[in-house]
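Undergrad: I am attaching a structure below and will ask some questions about it afterwards.
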Amino acid sequence: MLKTTAKVLACAVSLSLAGLATAAEPIVIKFSHVVAEHTPKGQGALLFKKLAEERLPGQVEVDVYPNSSLFGDGKEMEALLLGDVQLIAPSLAKFEHYSKPIQIYDLPFLFDDIAAVDRFQKGPVGQELLTSMEDKGITGLGYWHNGMKQLSANKPLHVPKDARGLKFRVQASAVLDEQFKALRANPRKMSFAEVYQGLQTGVVNGAENPYSNIYSQKMHEVQKYITESNHGLLDYMVITNTKFWNGLPEDIRTELRSIMDEVTTEVNLHAEEINQRDKQSIIDSGKSEIITLTKEERDQWRKQVKPVWKKFEKEIGAERIAAAEAANEQ
């Protein structure tokens, strides 16, 4: 009789625990971003969702919100800190109020190419910057490339004086403000979702973006010229709320970290490919002319804006700038 009772109780407990496991809700991760799904960031977000849900079935659900459909780039950081969204990937220009050294990524003509950026970000200084905001409640999980920036306008830009007096859309970045002031142009802060209309209506005359952003947002339809300047970097840092991240079960957090590393490698491998594809699509459209700078012309642009480095050297750290320059030489 006792054995029978014990068996019944054991079965009841087992069924109860199974019921609890079945009833457990998956951890929902909202991933909000401001660009189109076929851009490097858009593709990365979808790949993260796919792998997370495949490898953690029933435990994690990732909801992706592209094109500012949940939060625009002016609100997403606040939403992350409030816990209303769990993953965002703002451009590096968005972090100056949280970590001054991250402004290094906005310095014009600092990196020769995306390979130099990669070396710097994988090195000790780049990795240290990922964790530099944890006291503010922000944990960096990785850098995603979007690509080198090109200047666009409704007049041809061959040398720095061609930019004088033009109104350029900029992100909310002190470095980018100074970059255009050094060109005697007028920076205008504007959210990414408003750029096309701003260019179309003449609120701004020009902008700076990688080819993937220019093409996906149809900016080439309202900009007659694109100067292939490769003057700056538009990369993203994938970030999460530190409290949320640290509160995840350790096994789930470890697996998500592994997935993020895998997705980061994939995004960065294909970002340049996407940019070159979209560059060709712009050429094929015939709606915007791409200007190739001579070495002498590019040197003029670099000389004109390089004083911006000195202006922010104290905030960023001379040793960090030196490390970035060294990445060009490897």
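Quick note on numbering: the sequence shown equals residues -23 to -1, 1 to 307 in mature numbering (1 follows the signal peptide of the UniProt record, and there is no 0).
Glycine residues also receive a C-beta, built at the ideal position from the N, C-alpha and C atoms.
1. Could you tell me the distance, in whole angstroms, from the CA atom of residue 80 to the CA atom of residue 261?
2. Would you call the CB atoms of residue 36 and residue 221 closer than 8 Å?
3. Looking only at its chain, what residues have a beta carbon closer than 6 Å to the beta carbon of residue 203, apart from the 5 residues adjacent to it on each side?
4. Going by DSSP, name the residue or residues bridged to residue 183.
5. Could you tell me if residue 223 is buried or exposed, where buried requires 16 or more neighbouring beta carbons within 10 angstroms of its beta carbon?
6. Does residue 60 pass the burial test, meaning 16 or more other C-beta atoms within 10 Å, or should it be called exposed?
7. Under DSSP, the beta strand (DSSP E) around residue 241 begins and ends at which residues?
8. Can you say whether residue 146 is buried or exposed, counting buried as having 16 or more other CB atoms within 10 angstroms of its CB?
9. If you draw a straight line from the alpha carbon of residue 122 to that of residue 17, how long is it in whole angstroms?
10. Pop quiz: residue 44 and residue 125 are said to be a contact at Cβ under 8 Å. What is the actual Cβ separation, rounded to whole angstroms?
11. Could you name the residues of the same chain whose beta carbon sits closer than 6 Å to that of residue 191, not counting the 5 residues immediately before and after it, in chain order?
12. Pick from 23, 231, 28, 100: whose alpha carbon is nearest that of residue 42?
13. Between the C-alpha atoms of residue 304 and residue 216, what's the straight-line distance to the nearest angstrom?
14. Let's see if you can read the secondary structure: which residues bound the beta strand (DSSP E) around residue 178?
15. Mind checking whether residue 229 and residue 47 have CB atoms under 8 Å apart?
16. Going by DSSP, name the residue or residues bridged to residue 216.
17. Taking the C-alpha atoms as reference points, what is the distance between residue 166 and residue 151?
18. Going by Cα to Cα distance, which pick from 219, 30, 169, 12 is closest to residue 3?
19. Could you check what DSSP says for residue 167 in three-state terms: helix, strand or coil?
20. Taking 8 Å as the threshold, find out whether the segment 228 to 247 comes into contact with the segment 107 to 122 through three or more Cβ pairs.
21. From residue 136 to residue 275, what does the alpha carbon distance come to, in whole angstroms?
22. I need the straight-line Cα distance from residue 297 to residue 84, nearest angstrom please.
TA: Considering the structure as presented:
1. To locate residue 80, count along the sequence shown from 1; it is residue 103. To locate residue 261, count along the sequence shown from 1; it is residue 284. If I take the Cα positions, the gap works out to 35 Å.
2. Here residue 36 corresponds to residue number 59 of the sequence shown, with the count starting at 1. Here residue 221 corresponds to residue number 244 of the sequence shown, with the count starting at 1. Not in contact: residue 36 and residue 221 (Cβ atoms no closer than 8 Å).
3. Locating residue 203 in the sequence shown gives position 226, where the first residue counts as 1. Closer than 6 Å at the Cβ level, and outside the excluded window around residue 203, lie 127, 129, 265, 267.
4. The sequence position of residue 183 within the sequence shown is 206, counting from 1. Answer is 130, 145.
5. Reading the sequence shown from its first residue, position 246 is the one you call residue 223. Per the 10 Å Cβ criterion, exposed.
6. On the sequence shown, residue 60 is found 83 positions in, with the first residue counted as 1. Per the 10 Å Cβ criterion, exposed.
7. On the sequence shown, position 264 is the one that residue 241 refers to. Per DSSP, residue 241 lies in no beta strand (DSSP E); the unbroken alpha helix (DSSP H) holding it starts and ends at 227 to 262.
8. Here residue 146 refers to the residue found at position 169 of the sequence shown. By the 10 Å Cβ count, residue 146 comes out buried.
9. The count along the sequence shown starts at 1 and reaches residue 122 at position 145. The count along the sequence shown starts at 1 and reaches residue 17 at position 40. Computed Cα separation, rounded: 7 Å.
10. Taking the first residue of the sequence shown as position 1, residue 44 is located at position 67. Taking the first residue of the sequence shown as position 1, residue 125 is located at position 148. With 8 Å as the limit, residue 44 and residue 125 do not qualify as a contact, their Cβ atoms being about 23 Å apart.
11. Against the sequence shown, residue 191 aligns to sequence position 214. Hits under 6 Å: 197.
12. Translated into the one-based positions of the sequence shown, residue 42 becomes position 65. Answer by Cα proximity: 23.
13. Indexing the sequence shown from 1 puts residue 304 at position 327. Indexing the sequence shown from 1 puts residue 216 at position 239. Looking at the two C-alpha atoms, the distance is approximately 24 Å.
14. Stepping through the sequence shown from its first residue, residue 178 is reached at position 201. That residue, residue 178, is in no beta strand (DSSP E); its alpha helix (DSSP H) goes 172 to 178.
15. As a working mapping, residue 229 is identified with position 252 in the sequence shown. As a working mapping, residue 47 is identified with position 70 in the sequence shown. No; because the gap between Cβ atoms is not below 8 Å, this pair is not in contact.
16. The residue you call residue 216 lines up with position 239 of the sequence shown. DSSP, once it has assigned bridges, lists 65, 117 as partnering residue 216.
17. Walking along the sequence shown from the start, residue 166 turns up at place 189. Walking along the sequence shown from the start, residue 151 turns up at place 174. Going by the C-alpha atoms only, they are around 10 Å apart.
18. Taking the sequence shown and counting its residues from 1, the one referred to as residue 3 is at position 26. For residue 3, the nearest C-alpha among the options comes from 30.
19. Taking the sequence shown and counting its residues from 1, the one referred to as residue 167 is at position 190. Three-state result, residue 167: coil.
20. yes
21. Residue mapping note: residue 136 aligns to position 159 of the sequence shown, counting from 1. Residue mapping note: residue 275 aligns to position 298 of the sequence shown, counting from 1. Between residue 136 and residue 275, the C-alpha separation is close to 8 Å.
22. Numbered from 1 along the sequence shown, position 320 holds the residue referred to as residue 297. Numbered from 1 along the sequence shown, position 107 holds the residue referred to as residue 84. Distance between the alpha carbons of residue 297 and residue 84: 12 Å.
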